[in-house]
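A short write-up of the structure that comes next.
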Amino acid sequence: MGNLANDAFKFKSNGLTDQAVYFKNPGEKVIADANFQKMVGDESLVRLKMTNTATGNPTLVPQIIKYDATKKYIGEQQIGGSRQRDKRTQVISFLTAYEAGLVGFDKDINSYRVDGAYANSVIFDGCPDITYGVEKFKRHTAYSNYNDGRADKGYNQDRETYRNLNHISEIDVLGSDGRKYVYGLPVYNTRQVDVSFSINNGDNNTGKSNYDPGTDDTKFNNKGRDNYMQQEEMPAYAHSFLLTALVSPNYVDVTQDGITEDDKGDAVKFNYTKFKKPAEDGVAQQKAGFQWRTPVGNKVASYSEGLKTDIKDDKAHYIYGEREMWHLYSIESKNMIARFYVKNDRRDCRQVTGQEGGLDPNWGMQRLDKVCLYSKADLIKLGADAKPIKTVQFFQSYKLCKNVDNNNGIPDYRGGCSGSTCKDYNTNHGKLTLDSIWIFYNGNKKTAKTRYVFSYPKNNNPAYDYNSNDRWGNYKPVKEVNGSTTTYTNPANLTNADYPYVIQDKTKADKYAAAWRASAAVPDINTVNKNSLYQYVRSPLGPGGDHVDEYAYIYIKLPHAVSTQDETKMKNELLARYFENRKELYMKLAVTMPSKPGIGGSEMIGVYADIEDIGLVKINNVLSNNIAYVKVPYATGGHTAMVQQALQFIRQQLPGKAYPGYDVSENSSSKAVIMALSAMIVSLGAMASGEDKTMQRANLCKNVEANKSFARLTNYDEKYGGGLRVKKVTISDNWNKMTGQYDAIYGQEYNYNTTELINGELATISSGVAAWEPSVGGDENPHREVMKYIDHNKGGPYNLGSIEVPLGETFYPSPTVGYSRVEVLSVNRTNVKNLPTRQVTEFYTTKDFPFKSSCTQLGDPEANVKYDPPKILQVLKIDMKKAVTQSQGFLVEMNDMNGKMKIQATYTATDPDHPVSYTENFYNVQKQSNNTYKFNHYFSTVNAPNGIVT
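Sequence positions in the sequence shown follow this note's numbering and run 475 to 1424.
What follows is the structure in structure tokens.
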């Protein structure tokens, strides 16, 4: 197939005035290039045109075919022409390592020393230590004289081979106010290895598995059915760029050597220190700053169960890497300098010893001990005797998230001992926890002028568990043990891997979301956190839904019973609450598979079934108010969607259970041959009567575990997930401690509710809206639907194929929860003389401006062309080519309106309807029929030559 259209989109190199590539702020408000927009079809759905479709060699040409929103043909457009530079109010430019070494803001990369005599010093431009107290690294390793005379110039003696000429080494951001941000320190991940391999066992509860290093994770793997092993190593790359300079519009670099004392104008310099594990006991200094691995444990890998009823497909994987470790050394202005002191006495976040895992107790991330603010004049005059103007001291422990696996368990007697009593700050072996902040002035540590002490809930500090998280990444234990009582969190004692969804019990959801969160700080600042709520279910299958025979009814236990008693209204309420705009029902069925000794169970199979009828079940001629039925039609092939998908699953995913003798690895060689021949005879019989019917007669995939099976319904009620929201913030003036009288409490309370018509009635609901759902547990996403197709070969079974939509989901917004309405009230709003006002702020969300996707139809004859030469040419072997050529276009409509302010108003406490102040932002949009909005890009402008509004 020819592709002439490729030239229109081909990557072009830099020119004198044109950039090959550039960075752009996605939220920047500028006018796009109208000619370029037109060239690519504006916002229409398009596809590339094909020519020579009557031959076996069609060609894509640089021309697009345009369709409207209803996918109706509206015309064609040639691709080509020149393109102007995009207008930008914020210019983001970059330099490669080669370019930065010549013309960069800083020609070298600097590391400020903190070892030995430099541990407590303050190094800055103009001080005596600047010559030897700063190590320099070249921007790249291609210098011919890289090692020549470097010690005399302060260059580090280690050649860093991973900094390549073509890597980005400096990023400059010039804002609309004229200030320039220089990100001149690329921080490298120098090595990353991803390894996956077969294993024979693992623990699905912990999500981990032991393995044999040097065998299982190499080409000599002999585990499982396929002895699988894959290793992928990624070359060194810069994972982040640190801010090294901030300069004002009036700044002038006089000597072209970065920020120094001789420069003009205002500038702020950010200095850093590169850390490496020092040499010890005859072992050379570690080249990598930090060795990391997931999971941390020695000879332990993450476990992937695969199919539950197939023990030979289990896999394990781990990721190992090495990266640089840089910490902020100081922030330096014209007259002041803030010095950051870090220590290597941290007990958690220790590195691993190597690719096999295992903790290195003596090296890891540093701990921020204090920040001191100095006057440069004092440092120049007094040197080491200069006292800091202000000191912020941090006190930490390891009380939260007990027994984290990267804590070395070494006691931390940082406070010293009083006699025989020593306080260990690492008794819980948890994560680094900020306990308090103390602020001193003029170097006087005896009296702290300001102190903040942080409190954490003692009864909500669960231990670390590798597998205790939900689909949003928040804490969710598999089970809770209280004395002799064990309570499982998920239905049917499912693991979080099988049931990643957020628990919809308010008490538990609030508790899990608040785990390890600070609840108060002294002086008395208190916060109350609640789990996020959003609107817009997953429900268990009810009694009777335990067979996947040719029954066409599914019974669903509703999360909430319908409220009315009228039979007609009951069905209307059922449709409005749980099946609104639903033509299909998605189910996740735990279908029982054929078992073998010691190997049984069920597999989770996702099924989309068309809805033929919906209603409430009658029990003893009385209409139930909490059990619904859904009737589904029989699909092509004569089966319901449930049966079709179950039989298709066992054929494709578990052929060894569908066809006895298929898996020859289960038996000895002689027995395997006999079983295979027997399977061939059975297969010949299946060809005559049909494979699906043969499996049905064998009672395969007949039963469903109802307590592990679920159906997705429309969510009319509030749904927990997405993290935390602040409910209340209060401050006490501690008047009681000073006078013995009552304290005064000040603060604000936040209300996130709104009102909406549900089933014809005005209801108060959460204003929370999820921008999108996480991909883990994505079957809970109500916007997930399916495009179906039938794959059927003559003489073979019917396969029901499907593609889940929306298409282009990777372009959709990240999963976050925002609120369309936030009301701020005073905590003291009753029994007071001066009633406080209330602030109401409304925002647009993705409910108002949803992302949309669509694609062109392959039913168009010119988009889906089959070439089959005449039979005579095939017989004579003149033209044997058969081809199918398709051209399809995809459109994803995106926007940045989520979180944009809509209304801000202030109301008195006595008049909730008439604001005393009101601000509303208007956007050029058009309201759609489904209460969503669409942008109108056309508006009146002033014509420059004659000033006429057009």
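The beta carbon of each residue, even a glycine, is placed where N, CA and C say it ideally should be.
Contact set for residue i: own chain, Cβ-Cβ below 6 angstroms, skip 5 residues either direction
i, result
"S1327", "P1280, L1281, G1282, V1366"
"V1291", "S1006, Y1008, G1196, G1242, A1244"
"K1441", "Given a span of 475 to 1424 for the chain in the structure shown, any question on residue 1441 remains unanswerable."
"Y962", "K953"
"F764", "R797, M799, Q825"
Residues bridged to residue i (per DSSP)
i, result
"A482", "Answer is none; A482 lacks a bridge partner."
"C846", "R813, T865"
"H791", "S670, S776"
"E1283", "Answer is none; E1283 lacks a bridge partner."
"P1256", "P1256 pairs with nothing; no bridge assigned."
"G1221", "T1204"
"L833", "V826"
"I1079", "L1063"
"F1409", "V1399"
Run of the alpha helix (DSSP H) containing residue i, from where it starts to where it stops
i, result
"M1169", "1165 to 1171"
"N509", "508 to 513"
"A1433", "Nothing can be reported for residue 1433, as the shown portion of the chain is limited to 475 through 1424."
"W1209", "1209 to 1213"
"A571", "571 to 577"
"Q1348", "1345 to 1349"
Top-ranked residue by Cα proximity to residue i, from the options
i, options, result
"E1247", "R888, L720, Q1215, D944", "D944"
"G530", "N1410, T1393, E830, D1353", "D1353"
"Y815", "P709, T865, T527, V826", "T865"
"W800", "G515, I583, M1371", "I583"
"K748", "F694, S1206, R797", "R797"
"G1363", "V520, N477, K503", "V520"
"A1185", "L1274, D1334, G1080, F579", "G1080"
"A983", "V1065, A1064, E1192", "E1192"
"Q870", "G889, L847, G554", "G889"
"R613", "D589, G590, Y655, T570", "T570"
"N499", "I566, D972, A710, R1056", "I566"
Element boundaries [beta strand (DSSP E), containing residue i]
i, result
"R1051", "It is not in any beta strand (DSSP E) - R1051 instead sits in the alpha helix (DSSP H) that spans 1041 to 1052."
"P1129", "No beta strand (DSSP E) contains P1129, which is instead part of the alpha helix (DSSP H) from 1129 to 1132."
"I1093", "1087 to 1093"
"Q551", "547 to 552"
"I538", "533 to 541"
"V647", "642 to 648"
"V520", "519 to 525"
"V1366", "1364 to 1367"
"V952", "Looking at the DSSP string, V952 is not in any beta strand (DSSP E), and its letter there is neither H nor E."
"L906", "905 to 915"
"A1102", "1096 to 1105"
"L716", "711 to 716"
"M703", "703 to 708"
"A719", "719 to 721"
"T1114", "Run containing T1114: none; DSSP gives neither H nor E here."
"M1375", "1375 to 1381"
Status (buried if at least 16 other CB within 10 Å, exposed otherwise) for residue i
i, result
"I597", "buried"
"S672", "buried"
"G652", "exposed"
"W1209", "exposed"
"L856", "exposed"
"T527", "buried"
"T664", "buried"
"V736", "Here residue 736 turns out to be Asp, not Val, going by the sequence shown. It counts as exposed."
"P769", "buried"
"G1130", "buried"
"Y1412", "exposed"
"T1213", "exposed"
Close beta carbons around residue i, own chain, < 7 angstroms, minus the five adjacent residues each side
i, result
"K876", "N902, H903, G904, N935, A937, Y938"
"E1077", "L781, K782, T783, V1065, M1067, F1123"
8 angstroms Cβ shell around residue i - same chain, five flanking residues per side excluded
i, result
"D603", "Y592, S595, I597"
"V504", "D560, K561, R562, T563"
"M1044", "V1036, T1038, L1090, L1097, N1099"
Residue i beta carbon near the ligand MN (any heavy atom closer than 7 angstroms)
i, result
"T718", "Among the components of this structure there are no ligands whatsoever, and the ligand MN is therefore not found."
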